[in-house]
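Report on one structure; see the data block that follows.
There are 2 protein chains.
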Amino acid sequence: MKRKITLKHIARELEVSISTVSKALKNSEEISRDTKEKVQAFAKLYNYKPNNVAISLKNKRTKNIGVIIPEIVHHFFTTVFRGIEQYANQKGYNVIVCVSDESFDKEVINMELLANGSVDGFIMALSAETQLKNDYNHLKEVTEQGIPLVLFDRVADEVACDKVLINDREIARQAVNKLLDQGRKRIALVTTDNYLNVSNKRARGYFDALEDRNQEIDENLIIKLPYTYLGMDKVPIQAFFEKEKVDAAFCVNEMFAVHCMRVAQDMGLKIPEDISFIGFTDGILSKYANPTLTTVAQHGEQMGEIAAKMLIERVEQENGDDEEEIFQTKVLSATLIERDSTIN
Amino acid sequence: MKRKITLKHIARELEVSISTVSKALKNSEEISRDTKEKVQAFAKLYNYKPNNVAISLKNKRTKNIGVIIPEIVHHFFTTVFRGIEQYANQKGYNVIVCVSDESFDKEVINMELLANGSVDGFIMALSAETQLKNDYNHLKEVTEQGIPLVLFDRVADEVACDKVLINDREIARQAVNKLLDQGRKRIALVTTDNYLNVSNKRARGYFDALEDRNQEIDENLIIKLPYTYLGMDKVPIQAFFEKEKVDAAFCVNEMFAVHCMRVAQDMGLKIPEDISFIGFTDGILSKYANPTLTTVAQHGEQMGEIAAKMLIERVEQENGDDEEEIFQTKVLSATLIERDSTIN
DNA sequence: AAGGCTTACGAAAACGGTTTCGTGTTAATA
DNA sequence: TATTAACACGAAACCGTTTTCGTAAGCCTT
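Protein sequences appear in the order of chains A and B. Under the numbering used here, residues -11 to 332 are what the first sequence spells out, in order. Under the numbering used here, residues -11 to 332 are what the second sequence spells out, in order.
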């Protein structure tokens, strides 16, 4: 086992000082050609690589960024992560991921852990529980320490930081308008319990669209499903469809949409003739569902890339003294992807 | 902006030495009650937390583990990651993820970057290109430096390290036997170009099953699709189905299976009556496909948990001098989950 | 009163680098 | 020949901890 070699080893071996070795490896003007060549050759031979931790301590820069997301087995979040990772890597940063599991406590713990020097900044989407509690002190503490933070998708107005979003409300409105244009009369809103910020925005888009036509909002057309992917019960959905005679459904995520499509099909309804569906999140399910699902593409990868860019810019400008502190909110335009679950 | 406070600050403020502060915070016997209380109160007031980087440097332990996977927008890998992350977190470790993107070079670069002190050990699945090149020097260098490594799923015999696997070959054999039991005569093998280790094993299981019945292997029943999830062309698959009159298909992943099911349905074939399907990876697609897909569950989360456990044990035993170095390979049993794409 | 033992603390080294500044040697200049 | 500048290098501080070891002060013992 050949342990990693350090400057000290090289210095001892070559009978020069540590400083000389350090400078020689950086090709400093101060050091003679001879010495530089000798040192560099030796370093290459023994495959010297500087220790990242020591450099981090010296520079007070880790070149790590912390990403905290509610879930990892999740198409949208992994897509965003991909964007983050690619951009960050290309800029020489590594990414430490923590999963909050939709739990406030885990979010806090992970954040505090990483904030003690492990990362230069955070990119995160709030956990459901955090949004429910409306408690953002852990975020504030971090930003007050001068650690940059970028929120994406699941953001909160209460937190002063950079943000990246999509136009959830507007695209939802467009989607529902599309259904209305196609003559749908009784459009269901399939959403979660209302603490989730994004679900709320999408619901408001749904209301907007109805208001555009001066249609009354029928509370009976709204069904709330638990925000757990597995173990969704078909019975209430079927009961809902039977009772309300809906002819279209706007769902706040693709899982809900596919699930509901299946229930409708089991009831003998034809998609999109009898009932049409629109979902959110252009994931694998939407593409491979039967019929394929019309859905809103959130452009997660781009979102991640932008978040990473914003964060790294902040990290690298931090000129020490407190800046103007003008935070940006970047809104990306989502895209409606039309497939077979709506009439073309 | 209140910057992080250090031992030095506390020491200066309280007019004691840094060592005293350090010891007081650790409740050392050496320090008087009075001083301890004073220091601890002050530390709490200013929310002192030790700097992780400094501790890492001192201990030569980062409490970080590096995970390198070929892809992140991928159900199986994220599932494994979830297992890793949960176990690691619970043990006080953080996880740095790098995505090799199926590229050898990226794998090497990421590994070297992290190996310079950023992590205490690695958990990884080999990139496709690495398996194709059969070049594992980057892994050997890391292990020779005494950094523990655990490979999962995509492993290589050439690398001496701990491994976690599923019984790919055996479960594939069982799956194909199930199809044979149900009277299928012409069973297709839908696989990738052959460099992928796991595809190979699954193919061998397919061969095994046929040999069990003394059936000849018909090369015409094997179709190889490109290992890219998107943009698969339907034409060759349809041509294949038409020409070979297959009555079942064993697919090495769920994407292939769902894709092929769709092609078959478009051709007017009934599933499972005319043709039945079995896939690998019990992901979302399998559950929500129409019909639902019979598939092999790889128990990714458990796999990740075990990998993390093995790694952390290695990391924490490292008694300095080179141990016996007996590596383990843990083989998990996959499970065949029967759904509607095969006859029950 | 001298020696020994606690008690309570500080100095300093160490982890592995970077960087500033000081200095001995040589060569160029007056 | 004396002065000075350039060159090449080393000492030491620093980043924030931990930990070993040394020691001053106070008390007890005989």
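For glycine and all other residues, C-beta sits at the position ideal for the given N, C-alpha and C.
Along the stretch 114 to 133 of chain B, going in chain order, the ones with a CB nearer than 7 Å to a CB of chain A are Glu132, Gln133. For A:Asp200, the enclosing alpha helix (DSSP H) starts and ends at 185 to 200.
Nearest Cα to A:Lys318 within the set A:Asn82, A:Ser10, A:Asp141, A:Met(-11): A:Asp141. Put simply, the backbone Cα of B:Asp22 is about 15 Å away from that of B:Ala(-1). Between B:Val284 and B:Ala322, the CB-CB gap stays under 8 Å. Burial check for B:Asp206: the Cβ neighbour count within 10 Å stays below 16, so the residue is exposed. Here B:Met298 is buried: its Cβ has 16 or more other Cβ atoms, across all protein chains shown, within 10 Å. Membership of A:Lys173 in any alpha helix (DSSP H) is not indicated, and neither H nor E is assigned to it by DSSP. A direct Cα-to-Cα measurement between A:Gly256 and A:Gly193 gives close to 30 Å. Using beta-carbon distances, A:Ser106 counts as an interface residue toward chain B, with a partner under 8 Å. Contacts between A:Pro38 and chain B, judged by CB atoms closer than 8 Å, involve Asn104 in chain order. Sequence-distant partners of B:Thr282 (beyond 5 residues in either direction) whose C-beta falls short of 6 Å from its own C-beta, in its chain, are Ile266, Glu326, Arg327, Ser329, Thr330. In the three-state reduction of the DSSP assignment, A:Asp123 falls in the coil class, being assigned neither a helical nor a strand state.
Under DSSP, the beta-bridge partners assigned to A:Val284 are A:Phe268, A:Leu324. Separation of A:Glu306 and A:Leu213 (C-alpha to C-alpha, rounded to the nearest whole angstrom) is 44 Å. Within chain B, the residues whose beta carbon sits less than 9 Å from that of A:Val85 are Val55, Phe69, Glu73, Asn82, Val83, Ile84, Val85, listed in sequence order. Against chain B, the beta carbon of A:Met99 has no neighbour under 9 Å; the closest one sits roughly 12 Å away. Interface annotation, B:Leu33: not in contact with chain A, CB-CB separation never under 8 Å. The three-state secondary structure of B:Asn77, taken from DSSP, is helix. B:Lys318 sits in a strand when the DSSP states are folded into three classes. Distance between A:Tyr34 and B:Lys222, taken at the CA atoms: about 53 Å. Counting only Cβ-Cβ distances below 7 Å, B:Arg(-9) has contacts in chain A at Gln133, Gly134, in chain order.
Rounded to whole angstroms, the gap between the alpha carbons of B:Ile135 and A:Val138 is 33 Å. According to the DSSP secondary-structure assignment, B:Lys26 is paired through a beta bridge with no residue. The straight-line gap separating the alpha-carbon atoms of B:Thr179 and B:Arg190 is approximately 9 Å. Neighbours of A:Leu299 in chain B, taken as residues at a C-beta separation under 7 Å, are lacking, since the least C-beta distance is about 16 Å. DSSP, reduced to helix, strand and coil, places B:Met(-11) outside both helices and strands of the structure shown, so it counts as coil. For A:Cys248, there is no enclosing beta strand (DSSP E); the residue is found in the alpha helix (DSSP H) stretching over 242 to 254. Between the alpha carbons of A:His126 and A:Ile97 lies a distance of about 9 Å.
Distance from the CA of A:Cys239 to the CA of A:Ile57, rounded to the nearest whole angstrom, comes to 22 Å. A direct Cα-Cα distance of roughly 19 Å separates A:Glu1 from A:Lys14. Taken through DSSP and simplified to helix, strand or coil, A:Lys37 comes out as coil.
With the rule of 3 Cβ pairs closer than 8 Å, the stretch 169 to 177 of chain B does not count as touching the stretch 140 to 158 of chain B. Contact residues of the stretch 256 to 273 of chain A toward chain B are Gly271, Ile272, Leu273 (C-beta to C-beta distance below 9 Å). Cα atoms of A:Ala42 and A:Ser7: separation of roughly 15 Å, rounded to the nearest angstrom. Within a 10 Å sphere around the beta-carbon of B:Asp181 sit fewer than 16 other beta-carbons, which makes this residue exposed.
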